[in-house]
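For the sequence shown, our numbering begins at 15 and goes up steadily by one. Report on the following structure.
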Amino acid sequence: MQAILITFDQAYYERIVDMLERNNCRGFTAWREVQGRGSSTGEPHYGSHAWPSLASAIITMVADERVENVLDKLHEMDVATPRLGLRAFTWRIEQNI
Numbered sequence: 015m016q017a018i019l020i021t022f023d024q025a026y027y028e029r030i031v032d033m034l035e036r037n038n039c040r041g042f043t044a045w046r047e048v049q050g051r052g053s054s055t056g057e058p059h060y061g062s063h064a065w066p067s068l069a070s071a072i073i074t075m076v077a078d079e080r081v082e083n084v085l086d087k088l089h090e091m092d093v094a095t096p097r098l099g100l101r102a103f104t105w106r107i108e109q110n111i
């Protein structure tokens, strides 16, 4: 099992939740309003007058055999609208309760 942390412009929220459901990734935790800035490109998401957009984040635990497909779908979204900003990070889950 792997954790996937997905950070993205709020505009992606419903699309990402729908994609997770279509890929049998039922469980997730979401933060609807987070702030941040990409490490090299993209607009800041600060929720301020100068930078009014906000980001969201989702963490989901995904079976190993589904991870690559989920990342591919997320990459397709990012390529289609690169200025919105979408990133995904994975790490292996060794234990859980």
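Virtual Cβ for every residue (Gly too), placed ideally from N, Cα, C.
Q. Grouping DSSP H, G and I as helix and E and B as strand, with all else coil, what is E47?
A. In this structure, E47 counts as strand in the three-state DSSP scheme.
Q) Would you call the region 85-103 and the region 47-65 in contact, with 3 or more CB pairs under 8 Å? A) By the Cβ rule, the region 85-103 counts as touching the region 47-65, because three or more pairs are nearer than 8 Å.
Q: Might you give, ordered along the chain, the residues of its own chain that have their beta carbon closer than 7 Å to the beta carbon of G41, omitting 5 neighbours on each side?
A: T74, M75
Q) To which residues of the same chain is R106 closer than 7 Å at the C-beta, ignoring the five residues directly before and after it? A) Q16
**Q.** C-alpha gap between A69 and G61, whole angstroms
**A.** In a straight line, the C-alpha of A69 is about 9 Å away from that of G61.
Q. Can the beta-carbon of I20 be found less than 8 Å from the beta-carbon of A77?
A. no
Q: Classify I111 as buried or exposed, calling it buried when 16 or more other Cβ atoms lie within 10 Å of its own Cβ.
A: exposed
Q: Would you mind reading off the limits of the beta strand (DSSP E) that contains A71?
A: Per DSSP, A71 belongs to the beta strand (DSSP E) from 69-76.
(Q) Which same chain residues end up closer than 7 Å to R36 when comparing Cβ atoms and leaving out the 5 residues on each side of it in sequence? (A) none
Q | Pairwise C-alpha distance: Q109 and E28 | A | The alpha-carbon of E28 is positioned some 29 Å away from that of Q109.
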